[in-house]
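Remarks on the structure that follows.
Number of protein chains: 2
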Amino acid sequence: MSGQRNFVIGVDLGGTNIAAGLVNSAGQVLRQEKVKTKAQKGAQEILDRLMSTIEKVSDKDTWKQVQAIGIGSPGPLDPETGVILDTPNLSLKNCPLGPAVQVRFGVPVFVDNDVNVGTLGEYVYGAGRGFRNVVGIFVGTGIGGGLILDGKLWHGTSKNAGEIGHMVIQPDGPLCGCGNRGCLEALASRKSIMRDLALAVQNGRPTSLLDSVGKDRDLLKVRSKAIAKSYHNGDPLVKETLDKAAGYIGLAVKSLVHLLGAELFVLGGGVVEAIGEAFLEPIRAEVLHCLPGTAEGVEVRISALGDQAGILGAAALARTRLTES
Amino acid sequence: MSGQRNFVIGVDLGGTNIAAGLVNSAGQVLRQEKVKTKAQKGAQEILDRLMSTIEKVSDKDTWKQVQAIGIGSPGPLDPETGVILDTPNLSLKNCPLGPAVQVRFGVPVFVDNDVNVGTLGEYVYGAGRGFRNVVGIFVGTGIGGGLILDGKLWHGTSKNAGEIGHMVIQPDGPLCGCGNRGCLEALASRKSIMRDLALAVQNGRPTSLLDSVGKDRDLLKVRSKAIAKSYHNGDPLVKETLDKAAGYIGLAVKSLVHLLGAELFVLGGGVVEAIGEAFLEPIRAEVLHCLPGTAEGVEVRISALGDQAGILGAAALARTRLTES
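Read top to bottom, the protein sequences are chains F and H.
Under the numbering used here, think of the first position of the first sequence as 947, with each following residue one higher.
Under the numbering used here, think of the first position of the second sequence as 947, with each following residue one higher.
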């Protein structure tokens, strides 16, 4: 350790929390801090809280060994300049986040969107180690995606590549938040899954899920763990709905095997991680129907980094961008 | 010219014809030859005919200036080794095409599949000049695709990336030759378009197309030019069918803008080129519905190289692979 600048700091800027961690070259989180974002208090407050969280994970001695800071943030943002263009979840607009942090701490600062950072974290420290062409698919309220092509995060001309949630899977499917029909997000996100479950319940389908949400029968309050429990207990409605969502993700994965020749698909997000391997079966079943010569060796895995995905992903961003620059 | 080795030879190996051309550094075809492939006579005959076609486009003096040979061939093949793995259209199986030509002529030989080569040709010499991230979509009997990412042909881990024709566009759509349902190829290839036209005619829909095929009313005999003529004359069935096919391609393009952040889509193939710009309108209409920040500056164009696409694409392959190696 001594004398070598071999630490990075990874920062996960989220709508609810800001987490930061001091990460060594082996990908171990040596110290970490988490504070509330308090996004409603405005840009300056968010920046102040972010700066002080970074300060807390390092002292004078270790600080000398920090090579760079990586930050994962909601987008859209410009990964080259580190400027947050706009975030629906935070009150940051045209905010030079990267430059501001760099001026404060005097080390290189790299910013990318949370899903890209999540994919990069899996690639460097998690389920994607040893692969070169990796697709990350994160099922949350929406569906986010990230692409690692030939070992590098792919941004495309638009700088906004990786929007797997807005691949059209069923042209006459449900309306998506983006205004199009049948986007993957409109078919297989947590929000879409809950919409389908609620509709089935309205239509009289029984489900053990209702046991976990109390008297008002509000399915929106259901937690991922409860969904996973019902799934693994064989609740027919839950299994049918989740397998259908996974099947749609499988269609996207099949398209991506054909299109990109990717070798690994990493699936993450609360519900997916709570259910685990069983969620992957309908996806793997689709991969079996790929063209000859396209899917040999293709793997589908659950993300491996869990709670530390945000910090480790941002640390991976700092390390890889340092190497590239 | 004198003294400089600044020529390449581009070879277009097809199921019907073999074409070869001597191409200078400005992308001009100085001399070209075309012979029948005579695929039914077997691998040795194909190789002999290919070798002698290459010989014919160069004489002793110009030969000294040939830096490399590029070959576009039906796949699947291995672009690294130049081995044709299998071709349904030719009787080549595990055929070391690249190495055989290299031994014969003593210059580097590079082989890639015809659609990748077509995309690369447009990128280097045609509609894609000046862009960095280009998607080629070629509508023939099937639908082939090629990806240029950051200025390079993308092969992926499978070495078979770019199979845009087998992106799933409509999961409950018509059966594709690959065994899946609703692939782009099953919705928008020439074969699918003719299937839809024939079905409509069976159901009594009138169309001017029948005027061009004689008494047996066999729509399979219809030529691309006749389809384009009916389209531009406002034949309702032909316009409806072609616009629907283009609309499906538009959905794929929208997905690819979101996924890859590509900036240019080049459309080629007989029917598409015969119809021209009008075929692009339904595609451009879909691009207008992309997410904010993803489609600014995205262009959709008709391929520019026409009859010389095969030779120029193979020449572009030779030049770019030489630079990379």
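Every residue, glycine too, gets a C-beta built ideally from N, C-alpha and C.
Remember, it's a predicted structure, so these values are computed and weren't measured experimentally.
Any Cβ of chain H within less than 9 Å of the Cβ of Lys1200 of chain F? yes
Helix, strand or coil: which one does DSSP assign to Lys984 of chain H? Of the three classes helix, strand and coil, the one that applies to Lys984 of chain H here is coil, per DSSP.
Specify, as a first and last residue, the run of the alpha helix (DSSP H) that Gln1148 of chain H falls within. 1136–1148
Gln1011 of chain H versus Gly1092 of chain H - alpha carbon distance: 30 Å
Does Pro1020 of chain F pass the burial test, meaning 16 or more other C-beta atoms within 10 Å, or should it be called exposed? buried
Which of the three DSSP states is assigned to Gly949 of chain H in this structure? A caution first: Gly949 of chain H carries a pLDDT of 46, below 50, which makes its placement in the model unreliable, though a value can still be read off. Gly949 of chain H falls in the coil class under three-state DSSP.
Please confirm whether Gly949 of chain F has its beta-carbon closer than 9 Å to some beta-carbon of chain H. Note that Gly949 of chain F scores a pLDDT of 46, beneath 50, so its modelled location is shaky and nothing firm can be said.
So, is the C-beta of Tyr1177 of chain H closer than 9 Å to a C-beta in chain F? Any Cβ of chain F closer than 9 Å to the Cβ of Tyr1177 of chain H would place that residue at the interface, and such an atom is absent.
Counted within 10 angstroms of its Cβ, other Cβ atoms place Lys982 of chain F as buried (16 or more) or exposed: By the neighbour-count criterion, in which 16 or more other beta carbons inside 10 Å mark a residue as buried, Lys982 of chain F falls on the exposed side.
Closest residue to Asp1164 of chain H among H:Glu1131, H:Met1140, H:Val975, H:Glu1001 (Cα-Cα distance): H:Met1140
List, from N- to C-terminal side, the alpha helix (DSSP H) runs of 4 residues or more that fit wholly inside the segment 1214–1247 of chain H. 1216–1221, 1227–1233
Hey, how far is the Cα of Leu1213 of chain F from the Cα of Ile1248 of chain F? 5 Å
Answer yes or no: do Ala1073 of chain H and Leu1251 of chain H have a C-beta to C-beta separation smaller than 9 Å? With contacts defined by Cβ atoms closer than 9 Å, Ala1073 of chain H and Leu1251 of chain H form a contacting pair.
For Trp1009 of chain H and Pro1022 of chain H, the rounded distance between their alpha carbons: Each residue's Cα considered, the two are about 30 Å apart.
Any beta strand (DSSP E) of 3 or more consecutive residues that is wholly inside the segment 1045–1112 of chain F: 1055–1059, 1080–1085, 1089–1095
Burial state of Glu1223 of chain H, where buried means 16 or more other Cβ atoms lie within 10 Å: exposed
Taking 9 Å as the CB-CB limit, is Pro1042 of chain H close to chain F? no
Would you please state the rounded distance, in angstroms, between the beta carbons of Ser1135 of chain H and Gly1082 of chain H? I believe it to be under 8 Å. About 15 Å separates the two Cβ atoms, so there is no contact after all.
Whole-angstrom distance between Pro1228 of chain F and Asn1149 of chain H, CA atom to CA atom: 38 Å
Suppose the cutoff is 6 Å on Cβ atoms and the five residues either side in sequence are ignored; what does the same chain contact list for Leu1099 of chain F look like? Asn1062, Leu1066
Could you tell me whether any Cβ in chain F is nearer than 9 Å to the Cβ of Lys987 of chain H? no
Kindly list the residues whose CB is nearer than 7 Å to the CB of Ser971 of chain H, restricted to its own chain and excluding five residues on each side of it in sequence; keep chain order. Asn952
Exposed unless 16 or more other CB atoms sit within 10 angstroms - verdict on Ser998 of chain H: exposed
Report the neighbours of Val1246 of chain H on chain F: residues whose CB is nearer than 7 Å to its CB, in chain order. Result: empty, since nearest Cβ-Cβ is about 14 Å, beyond 7 Å.
Environment of Lys1167 of chain H [buried if 16+ CB atoms lie within 10 Å]: exposed
Under DSSP, the beta strand (DSSP E) around Asp1032 of chain F begins and ends at which residues? 1029–1032
The beta strand (DSSP E) spanning Val891 of chain H covers which residue range? For chain H, the structure presents residues 947 to 1271; residue 891 of chain H sits outside this window and is missing.
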